[in-house]
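In full-length UniProt numbering, the protein residues as written are 1 to 231. For reference, the structure is listed below as C-alpha cells.
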Amino acid sequence: MTMTLPAAPRAILFDLDGTLADTAPDLAAAVNLLRARRGLEPTAYEILRPTASAGARGMIGASFGITPDDERYLALRDEFLNNYEAAIAVHSGLFDGVTALLDGIEAAGVQWGIVTNKHQRFTTPLLPQIGLGHAACAISGDTTPHPKPHPEPLLEAARRLNLAPEQCWYVGDDLRDIQAGKAAGMLTVAAGWGYCGATEPQHWHADYLFVQPSELLDLLQSTVTNSALAA
1 MTMTLPAAPR AILFDLDGTL ADTAPDLAAA VNLLRARRGL EPTAYEILRP TASAGARGMI
61 GASFGITPDD ERYLALRDEF LNNYEAAIAV HSGLFDGVTA LLDGIEAAGV QWGIVTNKHQ
121 RFTTPLLPQI GLGHAACAIS GDTTPHPKPH PEPLLEAARR LNLAPEQCWY VGDDLRDIQA
181 GKAAGMLTVA AGWGYCGATE PQHWHADYLF VQPSELLDLL QSTVTNSALA A
C-alpha cells in the first residue's frame with residue numbers, strides 16, 4: 001500500500017453497497033422471502049451479509065447454493081429483484097461515520113460521487129431515501145455497457161465531473177472495485193468496514209486499506225493541507 005502522501009483529489013468516488021450504505025438487511029429479507037414462499041427456513045443473516053456486494057448472484061448463491069448457470073437461477077433472480085424493489089429501504093442506512101466523511105469531503109471543497117453495479121432501477125429510488133441523493137454523480141451498473149471490474153463506469157463518472165481519472169480516488173469493499181479503480185488510473189481505497197466478500201482486502205493491492213471512514217477523511221485532509229503548503 002502507498003506510503004508517501006498522494007496528491008489531493010478533485011473527487012472521491014464510492015461504491016454503494018457495503019461502502020457507503022449497509023443495504024444487506026433489505027437484500028437478505030428479499031432472498032429470505034423467496035425461501036418463505038417455498039416453505040424453507042430463512043438463511044442466517046451472518047451467512048448472507050458477506051455476499052451482499054454481489055447482489056442477486058451473491059444472495060441467491062449463499063441462500064440456495066446455485067450459480068447463474070443453473071436453470072433455476074433466472075426465475076429466482078427476477079423474483080428476488082422484485083422483492084427487493086418493493087422494500088428497498090426498510091432497514092438500509094449509511095454506515096457509521098459515512099455522514100461525517102461526506103460532510104468532511106464537501107468541507108474540503110472536493111466532490112463525491114457513486115459508482116455502483118446496482119442497476120438504475122434500484123439506485124434511483126434508493127439514494128434519496130438513505131441520504132445520498134445529493135451525490136455529484138451516480139453511475140449505476142447499467143449506465144455504461146460494462147459493469148465493474150471494467151473501468152468504464154469509473155471513467156464515465158470522471159467525464160461527468162469534468163475531471164481526469166487521476167484526479168479521482170475510488171473507494172470500495174470488493175476486489176472488483178479495486179480492479180476497476182486501478183484499471184481506470186485512480187488511487188484505490190479498500191473499505192475494510194464493508195462486506196468485503198470472501199477474500200481478505202489486504203490481498204487486493206489497494207493503495208490504501210482503512211477500517212473506518214474517518215481514516216479516509218484523515219488522509220484527504222492531510223493531502224489538502226499538504227497541497228496548500230506546497231502552493
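Note that beta-carbon positions come from the ideal geometry of N, C-alpha and C, so glycine has one too. All values derive from a computational prediction rather than experimental measurement.
Residues sharing a beta bridge with residue i, DSSP
i, result
"TYR170", "LEU13 and THR188"
"GLY113", "LEU13"
"ALA138", "ILE114"
"LEU94", "ALA21"
"TYR84", "In DSSP, TYR84 forms no bridge with anything."
"VAL73", "Note that residue 73 is Tyr in the sequence shown, not Val. Paired residue(s): none; TYR73 is not in a bridge."
Residue i, DSSP secondary structure in three states
i, result
"ALA21", "strand"
"LEU132", "coil"
"TYR45", "helix"
"LEU209", "strand"
"LYS182", "helix"
"ALA198", "coil"
"HIS203", "helix"
"ASN162", "coil"
"ARG38", "coil"
"PRO68", "coil"
"THR143", "coil"
"LEU27", "helix"
"ALA108", "coil"
"ALA54", "helix"
"PRO6", "coil"
"PRO153", "helix"
"ALA89", "coil"
Beta-carbon proximity of residue i to residue j, cut-off 8 Å
i, j, result
"PHE64", "LEU76", "yes"
"residue 233", "GLY197", "Since the first residue shown for the chain is 1 and the last is 231, residue 233 is missing from the structure and cannot be characterised."
"GLY113", "ALA157", "yes"
"GLN212", "GLY97", "yes"
"PRO201", "ALA190", "yes"
"residue 236", "LEU155", "Only positions 1 to 231 of the chain appear in this structure, which leaves residue 236 out of reach."
"LYS148", "ASP17", "no"
"LEU219", "GLY192", "no"
"LEU34", "LEU94", "no"
"ASP207", "THR188", "yes"
"HIS205", "ILE178", "yes"
"LEU40", "THR223", "no"
"LEU161", "CYS137", "yes"
Cutoff 6 Å; reference residue i; Cβ partners in own chain excluding five residues on either side
i, result
"THR199", "LEU175"
"TYR84", "ALA30"
Cβ-based neighbour list, residue i, same chain, cut-off 7 Å, excluding 5 preceding and 5 following
i, result
"GLN120", "SER140, ASP142 and THR143"
Contacts around residue i, its chain only, beta-carbon distance under 8 Å, and the 5 residues preceding and following it disregarded
i, result
"MET59", "LEU27, ALA28, ALA30, VAL31, LEU48, THR51, ALA52 and PHE80"
"LEU101", "PRO213, SER214, LEU216 and LEU217"
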